[in-house]
Amino acid sequence: MSHDAGDRAVREEPSEAGAGAPPNLREVGRLRVLRALHETERTSRPELVRMTGLARATVTALIAELTEFGLVQEDDGPGGSETRRTGRPAQWISLVPSAAYAVGADIGHHHVRVALCDLSGTPVWHHAETREVDHAPDETLDLVAGLVDRALEETAVDRERVLGIGAGIASPVDKVTGSLGGESIMPGWLGIRPGIELARRTGMTTQIINDANAGALAERLYGAGRGTADMVYVRLSAGIGAGIVSDGRLLVGAGGLAGEIGHLPSVSDGLICRCGNRGCLETVASPPAVAQLLATSWGKHVAAAELPRLLAAGDPGTVRAVEDAGVAVGRAVASLVTLFNPELIVVGGDLAVAGELIFEPIRHGIRRYALPAVAKRVTVVPGELGDRAEVRGAAGIVLAQAPRSLAADPSALSHGQALFG
Ligand SMILES: [Zn+2]
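Residue numbers 0 to 420, in numbering that gives the first Met the number 0, belong to the letters of the sequence shown in order.
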């Protein structure tokens with residue numbers, strides 16, 4: 000287990016040299032064509048020649064071969080009929096979305112979400128459940144495995160066409176062993192290797208990724224960060240985390256802990272955080288922390304799930320509490336902005352529904368606390384994928400490897416063989 004997949008997914012130019020290089024030129028060519036097609040929704044033949052650096056005749060031969068295997072399709076594309084009237088047929092080339100699939104799973108502190116995504120990353124099946132996950136690893140993993148079966152049954156997708164499972168999980172993930180760290184983050188999961196457990200339950204290759212990193216990958220590939228090489232995804236949920244994409248690569252860190260913005264110190268004499276430190280951002284700005292603040296003031300239980308309704312009703316206490324949370328987040332984000340110089344901050348997670356109420360304090364925090372020259376160049380926008388960002392990014396780490404798998408054996412799927420154990 001590693002995050003190389005995520006790295007590759009966002010790297011601009013794949014390298015054919017080095018360890019693991021394909022053994023023959025035809026495979027190299029297939030890989031270039033499949034990667035180019037994977038990076039764009041559809042493209043023209045001349046553009047594909049430019050992107051791959053291959054000869055036109057080679058590209059034509061490879062397209063014919065990949066079309067025969069059912070991996071690539073040609074059509075006239077948007078405006079095609081008009082182009083045809085001029086006597087020059089427009090041939091748009093794209094991957095066949097239904098040629099292969101990946102399962103995405105998103106395992107949060109209080110929810111489980113599973114999606115079956117096609118080769119283009121589009122979910123064709125999706126299901127979410129509220130669950131208490133932190134102390135129930137076995138039940139949670141059983142639930143995910145059951146949902147995978149249900150997804151295949153309800154969509155009639157052959158198991159053989161599924162390249163694997165990517166699971167985003169609300170915990171740091173050791174990039175070498177795939178085991179979960181940070182014992183106080185998900186207490187019941189310490190020492191569990193969810194990738195191995197899910198593979199055993201489903202018979203599918205499984206990769207594990209930290210959920211904020213999955214969200215960052217999804218917004219980078221399919222959402223607000225498309226085409227951006229330097230961005231930070233900030234997820235404001237029960238856990239506050241960030242996924243950092245720098246120069247097109249996801250920063251993971253030695254122990255999978257890079258981007259744990261929720262545990263930056265926010266107030267010096269604050270509450271004890273579940274990580275063991277005191278006054279972390281999460282203790283003042285997470286939805287449960289905001290709800291707790293209101294509960295103390297009102298003398299009754301307030302659930303974090305009630306916050307959107309209270310905000311929509313314009314409750315003054317809730318508005319103030321969320322604004323203050325935004326100020327705290329803004330100050331922490333300002334540090335990331337100064338350190339990583341991103342051009343884009345994408346904000347997702349439960350509190351993103353607060354809209355400008357949370358975005359404006361974040362922008363203000365950046366203007367006030369980040370290095371001015373760096374602050375000037377950064378834009379803060381809402382995520383485009385909502386609460387499906389993590390699940391789509393988790394599937395995305397599997398799909399990022401699809402070109403390599405399909406280039407190595409393009410006939411596997413057409414013969415109904417499983418590409419992966
Ligand atoms: Zn903490």
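Note that the Cβ used here is the ideal one computed from N, Cα and C, for glycine as well.
| Check | Outcome |
| --- | --- |
| Any non-hydrogen atom of ligand 1 within 7 Å of residue 262 CB | yes |
| Range of the contiguous beta strand (DSSP E) that encloses residue 209 | 205-209 |
| Assigned secondary structure, residue 45 (DSSP; H/G/I helix, E/B strand, else coil) | helix |
| Under the three-state DSSP convention, the category residue 293 falls into | helix |
| Residues near residue 16 by beta carbon distance below 6 Å, same chain, minus five either side | Only weak support exists for where residue 16 lies, its pLDDT of 41 falling under 50; the value from the coordinates is given anyway. Same-chain partners within the cutoff: there are none. |
| Residues near residue 329 by beta carbon distance below 8 Å, same chain, minus five either side | 360, 361, 362, 363, 364, 365, 367 and 368 |
| Whole alpha helix (DSSP H) elements within the region 265-328, 4-residue minimum | 280-284, 286-297 and 306-311 |
| Within the region 181-267, ranges of the beta strand (DSSP E) (whole runs, at least 3 residues) | 205-209, 230-235, 239-245 and 248-250 |
| Burial state of residue 83 (16 or more Cβ within 10 Å) | Interpretation of residue 83 is limited by its pLDDT of 49, a score under 50 that renders its predicted location unreliable; the figure taken from the coordinates is listed afterwards. Flag for residue 83 reads exposed. |
| For residue 388, the first and last residue of its enclosing alpha helix (DSSP H) | 388-398 |
| Distance between beta carbons of residue 257 and residue 243, contact taken as under 8 Å | 6 Å |
| Contact test: residue 209 Cβ vs ligand 1 heavy atom, cutoff 7 Å | no |
| Residue 116 CB to nearest heavy atom of ligand 1 below 7 Å | no |
| Cα-Cα separation, residue 215 to residue 236 | 14 Å |
| Nearest candidate by alpha-carbon position, reference residue 110, set 401, 306, 386 and 247 | 386 |
| Residue burial classification, residue 20 (beta-carbon count within 10 angstroms, cutoff 16) | Bear in mind that the predicted position of residue 20 carries a pLDDT of just 45, short of 50, making it unreliable; the figure below should be weighed with that in mind. Its Cβ having fewer than 16 others within 10 Å, residue 20 is exposed. |
| Three or more C-beta pairs below 8 Å linking the region 104-118 and the region 44-60 | no |
| Three-pair Cβ contact test at 8 Å for the region 376-395 versus the region 340-349 | yes |
| Local Cβ density within 10 Å of residue 267, reported as buried at 16 or more and exposed below that | exposed |
| Option in 288, 408, 392 and 173 with minimal Cα separation from residue 232 | 392 |
| Cβ pair count under 8 Å reaching 3, the region 19-39 against the region 56-67 | yes |
| CA-to-CA distance, residue 36 to residue 306, given in whole angstroms | 42 Å |
| Spatially closest choice to residue 44 from 91, 218 and 137, by CA coordinates | 91 |
| Nearest-angstrom Cα separation, counted from residue 264 out to residue 277 | 7 Å |
| Beta-carbon gap between residue 97 and residue 117 smaller than 8 Å | yes |
| Residue 281 classed as buried or exposed, judged by whether at least 16 other C-beta atoms fall within 10 angstroms | buried |
| Stretch pair the region 196-206 + the region 302-322: three plus CB contacts closer than 8 Å | no |
| Same chain, Cβ closer than 6 Å to residue 188, five either side skipped, listed in chain order | 136 and 179 |
| Spatially closest choice to residue 105 from 203, 207, 175 and 190, by CA coordinates | 207 |
| Alpha-carbon to alpha-carbon, residue 124 and residue 95 | 17 Å |
| Helix, strand or coil at residue 74 [DSSP, three-state] | strand |
| Distance, residue 25 Cα to residue 408 Cα | 11 Å |
| Near ligand 1: residue 196 beta-carbon under 7 Å from a heavy atom | no |
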